[in-house]
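K.L.:
Note that our numbering gives residue 79 to position 83 of the sequence shown, counting from 1, and the numbers run on in steps of one.
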Amino acid sequence: MTGRSAPPDSVARRRARAGWLFASPALLVVAAVTVFPVLFSLVLSFSEVRLEYGGLRLGSPTLAHYEALLTHSEWYRALAFTLGFTVVSVFVELVLGTLVALVLERLGAARGWILALLLLPWALINVIAAQLWSYLFNGTYGAVGWLCEQVFDTRPDILGEPLPAMAAMVVVDVWKTTPFVAIVVLAGLMLIPGDVYEAAEIDGASAWTTFWKVTLPQLRPIIAIAVLFRILQAFGIFDLPFVLTQGGPGTATQSVAILGYRILFQNLDFGGGAAVAVTTAAIVLGCCLLFLRVFRAQADEGGRA
């Protein structure tokens, strides 16, 4: 006599429980290295923190750290620089990365070699890349200053002036991160079925129309992923301005990450540094959620169309 097989629902529940059981060690590690620091930072930002011989001592709850942060002009300058840097660098990287991906898609055997060359800037450690570019931008012996002197008969102090220093920072970030965007977009291009392009060609669509009406809508999910990754990375920029300009001249290129570092480690204001971290995380989370909401609305409209 054969046994009765288990219902599909019970099998699915058992598999789900087994999956959670096997994943629980990894989830505990993730919680230990991510969730706990975030919660601890949140507690620090709302507490009176005193540094004593035995460590940190938390006092009564307070909003003083956020009040000091939101009334400090240096916070708004750092936030403005970080927002501007993020918007400009991500936009330029998205445009250049898409153009590079479109070119790579049409290459044959040389695609692998060019991809390897493109990955060199992305593979460099950020501190090393920033240090190399600091030599190039140096006002005394830098190659960029020498080139400007040959062409314009003047040697600018690129890292010593606010606007040129900001532009130099965007150039370095675009140089380093455009290959990442290009590879992500190229992966999306390779997944687009060829019959879609054949249908557009039969309908008599031009190359420009095909790009805007066929290629770009198909790339929206991939572009959304690339933009999200770049927003998270660019908004938390620390090593690039720290190595190139130390946040200068003055505080012109001081990001919110550098501001938090100075408050926390130089001033030893643990509550104020935690308030900077929590506020920055809230802003980034809000921007990402807004971007995802807009992207989802556009995707729904495209699906209905």
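Each residue gets a CB set at the ideal place from its N, CA and C atoms; glycine is no exception.
Computed from a predicted structure; not experimentally measured.
Specify, as a first and last residue, the run of the beta strand (DSSP E) that E48 falls within.
P.N.:
Per DSSP, E48 belongs to the beta strand (DSSP E) from 43 to 48.
K.L.:
By alpha-carbon positions, which one of C284, F291, F234, V290 ends up nearest to V123?
P.N.:
Ranking the options by Cα distance to V123, first place goes to F234.
K.L.:
Do T94 and V181 count as a contact pair if the criterion is CB distance below 7 Å?
P.N.:
Result yes, Cβ atoms of V181 and T94 sit closer than 7 Å.
K.L.:
What do you reckon, are the CB atoms on V177 and E89 nearer than 7 Å?
P.N.:
Cβ atoms of V177 and E89: closer than 7 Å.
K.L.:
So what's P158 in DSSP terms, helix, strand or just coil?
P.N.:
It is helical.
K.L.:
Taking one C-beta from the segment 77 to 88 and one from the segment 195 to 205 each time, how about it: are there three or more such pairs within less than 8 Å?
P.N.:
Because the criterion of three Cβ pairs below 8 Å is not met, the segment 77 to 88 and the segment 195 to 205 do not touch.
K.L.:
Compare the Cα-Cα distances from I188 to each of Y62, K172, F287, L98 and report the closest residue.
P.N.:
Checked all of Y62, K172, F287, L98; the closest Cα to I188 is L98.
K.L.:
Whole angstroms are fine: how far does the CA of A183 sit from the CA of G243?
P.N.:
Their backbone Cα atoms lie some 36 Å apart in a straight line.
K.L.:
How big is the Cα-Cα spacing for F238 and A203?
P.N.:
Going from the Cα of F238 to the Cα of A203 covers about 44 Å.
K.L.:
Suppose the cutoff is 7 Å on Cβ atoms and the five residues either side in sequence are ignored; what does the same chain contact list for G138 look like?
P.N.:
So the qualifying residues of the chain are Y131, L132.
K.L.:
Going by CA-CA distance only, name the one from Y49, T150, G55, G246 that's closest to S43.
P.N.:
If we check each option's Cα against that of S43, G55 comes out closest.
K.L.:
Does DSSP classify S251 as helix, strand or coil?
P.N.:
Three-state DSSP puts S251 in coil, outside helix and strand.
K.L.:
Just to confirm, is the Cβ distance from L155 to A161 under 7 Å?
P.N.:
Yes.
K.L.:
Among A8, V26, P33, which residue has its Cα nearest to the Cα of A277?
P.N.:
The residue with the shortest Cα to Cα distance from A277 is P33.
K.L.:
By the 10 Å Cβ neighbour count, where 16 or more other Cβ atoms means buried, how is V140 classified, buried or exposed?
P.N.:
Classification of V140: buried, given that the 10 Å Cβ count is 16 or more.
K.L.:
Have a look at F266, V274, I227 and flag the residue whose alpha-carbon is nearest the alpha-carbon of C284.
P.N.:
For the residues F266, V274, I227, the minimum Cα distance to C284 belongs to I227.
K.L.:
What do you reckon, are the CB atoms on F225 and T78 nearer than 7 Å?
P.N.:
No, the pair does not count as a contact, with Cβ atoms beyond the cut-off.
K.L.:
Can you tell me the Cβ-Cβ gap for A271 and Y62, rounded? I've got them flagged as a contact below 8 Å.
P.N.:
Sure, about 5 Å apart at Cβ, within 8 Å.
K.L.:
If you draw a straight line from the alpha carbon of L17 to that of V26, how long is it in whole angstroms?
P.N.:
Computed Cα separation, rounded: 15 Å.
K.L.:
Taking a contact to mean a Cβ-Cβ separation below 7 Å, would you say V166 touches W129 in this structure?
P.N.:
No, these two residues do not count as a Cβ contact at 7 Å.
K.L.:
Mapping DSSP to helix, strand and coil, what is P245?
P.N.:
Coil, per DSSP.
K.L.:
Report buried or exposed for T205, applying the criterion of at least 16 other Cβ atoms within 10 angstroms of its Cβ.
P.N.:
Exposed, since its Cβ has fewer than 16 Cβ neighbours within 10 Å.
K.L.:
Determine the direct distance from the alpha carbon of V192 to that of W208, and round the result to whole angstroms.
P.N.:
Distance between the alpha carbons of W208 and V192 is about 13 Å.
K.L.:
Are the beta-carbon atoms of P213 and P158 separated by less than 7 Å?
P.N.:
No.
K.L.:
Which runs of the beta strand (DSSP E) spanning at least 3 residues fall entirely within the segment 20 to 89, listed in chain order?
P.N.:
Entirely contained in the segment 20 to 89, the beta strand (DSSP E) runs reaching 3 residues are, in chain order, 43 to 48, 51 to 57.
K.L.:
Determine the contact status of A74 and V252, defining contact as a CB-CB distance below 7 Å.
P.N.:
Yes, these two residues count as a Cβ contact at 7 Å.
K.L.:
Could you tell me whether the Cβ atoms of W118 and P175 are closer together than 7 Å?
P.N.:
Against a cut-off of 7 Å, the Cβ pair of P175 and W118 comes out as a contact.
K.L.:
How many Å lie between A28 and A19 at the Cα?
P.N.:
Spanning the two alpha carbons is a distance of roughly 14 Å.
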